[in-house]
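Enquirer: Just passing along the structure, written as C-alpha cells.
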Amino acid sequence: MEYTSGAASWQKVLRRAVAGLLPRRPRQRRPGWSIGVPLIAAAAGLLFTTTATTAGGTPLREDRRPQLTQLIEDRREEVAASEKQAAELRAEVEEQTAALADTDGPIKAQRDRAAASRQAAGFTALTGTGVTIELDDAPRRADQPLPKGASNDDLVVHQGDVQAVVNALWAGGAEAMSIMDVRVLSTSAVRCVGNTLLLHGRVYSPPFKIVAIGDPAALQRALAASEGVRLFREAVDHYQLGYKETASTVTVPAFEDSTALQSAKVLQ
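Under the numbering used here, think of the first position of the sequence shown as 4, with each following residue one higher.
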C-alpha cells in the first residue's frame, strides 16, 4: 500500500472535486454529414445531367399545349387523307367487281347476295319518321363559379349518357341510327375522351346529336323508361345540361368507313 503525505492527499481530493464540478468535454465523433454530403452531391449531379439530357436544350416547364394541338391537327389531316385514298380504292374495287359480274356467274351471284343485305347492314341511306336527341354540356364561363355542390364532371356529357340514349333507342325498336351524322353499326363503339366523343377514329365536340329511325312514340317511351336517360335529365334540371328531344322525318346516312373487324370473341 502506498502512503502519501497529508498535504498531497488534500491536493488530490481538491483536484477531483474541481474536476467533478467542471463539464466533461464530449468525445469527438465523426459526423454523419461528412459521409452523406458527397453522396448527396453525386446524386444531385446525376439528376442535373439526366435533366439536361432529357430536355435537349429546351425548357422542361414550357407549355406544350400548342404543340399538342398542332400534332392532333396533323393527325386529323393524315386520317382524312387516308380515308380519301381508301374510298378511292373501294370505288375501284367496286368498279372492277361490277365489270367481272357481267361475265362471271359466281361473282354476279355473290354480288346480288351482298346487295340484298346492304340496307340491313347499314350501307344505304334511309329516310323515315324518327327522333333526334341532342346532348350538350352546361354553359359556363371561365369567371363563373360552379353551381353549389357541383364539380366539373357534373357539367359535361359523359360516355354513359350517350350510351344510355343509344341503348334506349335500340330497345325502343330503332331501325337505323346515326351519331354526329355517322351511321352506327353492330361494330360501332362509343367512347368519350374528356368532354369529346370518339367514334370510328374521329373526335367530335358537344352538342352530340343522335338520330334514330322508328316509331317516334315507341322511341320516346323507351327514352322515358331508361334509368340512365332519367338521371341525365335530372342533371339537366340541376346543372343546366342540354337535352333536346324532337320527333320528325329524319335521314340516317349510309356507313362509308372500313368494315374490317378488328377483334372478336366467341361466347360459349
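Note that CB positions come from ideal geometry on N, CA and C, so glycine has one too.
#1: Less than 6 Å between C-beta atoms, sequence neighbours within five positions excluded: which residues of the same chain meet that for Ala250?
#2: So, does the stretch 226-238 touch the stretch 154-166, judging by three or more C-beta pairs under 8 Å?
#3: What's the gap between the Cα of Leu42 and the Cα of Leu49?
#4: How about the stretch 220-229 and the stretch 86-97: do they share at least three Cβ pairs that are nearer than 8 Å?
#5: Using DSSP with H/G/I as helix, E/B as strand and the rest coil, what is Val111?
#6: Using 8 Å as the cut-off, can you tell me whether the stretch 186-200 makes contact with the stretch 98-113, which would need three or more C-beta pairs spanning the two stretches below that distance?
#7: Which of helix, strand or coil does DSSP assign to Phe126?
#8: Which runs of the beta strand (DSSP E) spanning at least 3 residues fall entirely within the stretch 183-242, listed in chain order?
#9: Between which two residues does the beta strand (DSSP E) carrying Val255 extend?
#10: Might you give, ordered along the chain, the residues of its own chain that have their beta carbon closer than 8 Å to the beta carbon of Thr3, omitting 5 neighbours on each side?
#11: Under a Cβ-count criterion, where at least 16 other Cβ atoms within 10 Å of its own Cβ denotes burial, should Ala177 be classed as buried or exposed?
#12: Put Leu138 into one of helix, strand or coil per three-state DSSP.
#13: Using C-beta distances below 6 Å, list every residue in its chain close to Tyr6, excluding the 5 sequence neighbours before and after it, in chain order.
Expert: Working from what's here:
#1: Position 247 of the sequence shown, counted from the first residue, corresponds to residue 250. Here the set comprises Val134, Pro219.
#2: yes
#3: The residue you call residue 42 lines up with position 39 of the sequence shown. The residue you call residue 49 lines up with position 46 of the sequence shown. If I take the Cα positions, the gap works out to 11 Å.
#4: no
#5: Within the sequence shown, residue 111 is the residue found at index 108, counting from 1. Note that residue 111 corresponds to Lys in the displayed sequence, not to Val. Helix at Lys111.
#6: no
#7: Taking the sequence shown and counting its residues from 1, one reaches residue 126 at position 123. Looking at Phe126 - three-state DSSP - the assignment turns out to be coil, as it is neither helix nor strand.
#8: 194-196, 199-202, 205-207, 211-216
#9: Within the sequence shown, numbered from 1, the residue matching residue 255 stands at position 252. Looking at the DSSP string, the run of the beta strand (DSSP E) that includes Val255 is 245-255.
#10: This structure cannot settle anything about residue 3, because the visible part of the chain is limited to 4 through 271.
#11: Here the question's residue 177 lines up with position 174 in the sequence shown. Around the CB of Ala177, 16 or more other CB atoms lie within 10 Å, so the residue is classed as buried.
#12: Here residue 138 is taken as the residue at index 135 of the sequence shown, counted from 1. Judged by DSSP in its simplified three-state form, Leu138 adopts strand.
#13: Stepping through the sequence shown from its first residue, residue 6 is reached at position 3. Residue confidence for Tyr6 is low, a pLDDT of 45 falling below 50, so the modelled location carries little weight and cannot support an answer.
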